[in-house]
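Numbers 43 to 183, taken from the numbering used here, label the letters of the sequence shown in order.
In this text, a Cβ means the ideal position worked out from N, Cα and C, and glycines have one as well.
Small disclaimer: the values here were computed from a predicted structure and weren't measured.
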Amino acid sequence: MARIKLSFPDDVFIYETQMPVRITDINGANHLGNDALISMLSEARAQFMVKYGVEETGNKDIGIIVTDLATMYQSESFFPEMLRFEVGLMDFNKYGGDFVFRVTKAESGQPVALAKYGFVFFDYQQREVVPIPEQFRSRFG
């Protein structure tokens, strides 16, 4: 199976937050577990959306759902390191695009991971994918 290789331009990242690696994020190999990193990516995405005033289901029951996830691990991280999460958006299409993430150690800048979440807008009443709302597209597209 081919390895995933992710690469993002520096100028795509428009938001940054930091989170500590908690003791509960450590796995059996004594480093940050992949499940914990995915949860931290979700938290960074949620903070990004709050910062920019985007509600998960705030527009007539239309919200964002994640369609896929790719993560490229670059180094281990350990308790109690502080991680920096940079978040951006790219590769828009009619229905959505990609949230992209760059995770580094806050103190040293050492790369920890690159990741992307594919997303689409979804009408929870009609149970179907819908085009990107114009307000979102004009702000980020």
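- prompt: Which residue from 53, 148 and 48 puts its Cα closest to that of residue 119?
  reply: Position 77 of the sequence shown holds residue 119. If we check each option's Cα against that of residue 119, 148 comes out closest.
query: Considering only residues of the same chain and omitting the five flanking positions on each side of residue 87, which have a CB-CB separation below 6 Å?
result: Sequence index remark: in the sequence shown, residue 87 carries index 45 (1-based). So the qualifying residues of the chain are 141.
- prompt: Alpha carbon to alpha carbon, how far is residue 159 from residue 81?
  reply: Along the sequence shown, one-based indexing puts residue 159 at 117. Along the sequence shown, one-based indexing puts residue 81 at 39. Going from the Cα of residue 159 to the Cα of residue 81 covers about 12 Å.
- prompt: Do you know how far the Cα of residue 169 is from the Cα of residue 91?
  reply: For the purposes of this step, residue 91 is taken as residue 49 along the sequence shown, with counting starting at 1. For the purposes of this step, residue 169 is taken as residue 127 along the sequence shown, with counting starting at 1. The alpha-carbon atoms of residue 91 and residue 169 are separated by roughly 22 Å.
message: Let me confirm a value: residue 146 is counted as buried when at least 16 other C-beta atoms fall within 10 Å, else exposed. Which label applies?
response: As a first step, residue 146 must be located in the sequence shown, where it is residue number 104. By the 10 Å Cβ count, residue 146 comes out buried.
Residue 104, buried or exposed, once every other Cβ within 10 Å from all chains shown has been counted against 16: Walking along the sequence shown from the start, residue 104 turns up at place 62. Its Cβ being crowded by 16 or more others within 10 Å, residue 104 is buried.
task: Look up residue 174 in the DSSP assignment and say whether it is helix, strand or coil.
output: Within the sequence shown, the letter at position 132 stands for residue 174. It is coil, neither helix nor strand.
- prompt: What distance in whole Å lies between the Cβ atoms of residue 125 and residue 61, which are believed to be in contact at a cut-off of 8 Å?
  reply: Working through the sequence shown from its first residue, we reach residue 61 at position 19. Working through the sequence shown from its first residue, we reach residue 125 at position 83. About 6 Å; that satisfies the 8 Å criterion.
message: Let me check one thing: in DSSP terms, what residues is residue 116 bridge-paired to?
response: Within the sequence shown, the letter at position 74 stands for residue 116. Looking at the DSSP assignment, residue 116 forms no beta bridge with any residue, so it has no partner.
DSSP three-state assignment for residue 133, whether helix, strand or coil: Along the sequence shown, one-based indexing puts residue 133 at 91. Three-state DSSP puts residue 133 in coil, outside helix and strand.
Cα-Cα separation, residue 94 to residue 85: Against the sequence shown, residue 94 aligns to sequence position 52. Against the sequence shown, residue 85 aligns to sequence position 43. Residue 94 and residue 85: Cα-Cα distance of roughly 14 Å.
task: Please work out which residues of its chain come closer than 7 Å, Cβ to Cβ, to residue 162, disregarding the five sequence neighbours upstream and downstream, and give them in chain order.
output: The residue you call residue 162 lines up with position 120 of the sequence shown. 107, 109, 137, 138 and 171.
task: Pull up the distance between the alpha-carbon of residue 180 and that of residue 165, whole angstroms please.
output: Position 138 of the sequence shown, counted from the start, is the residue given in the question as residue 180. Position 123 of the sequence shown, counted from the start, is the residue given in the question as residue 165. Taking the straight line joining both Cα atoms gives about 20 Å.
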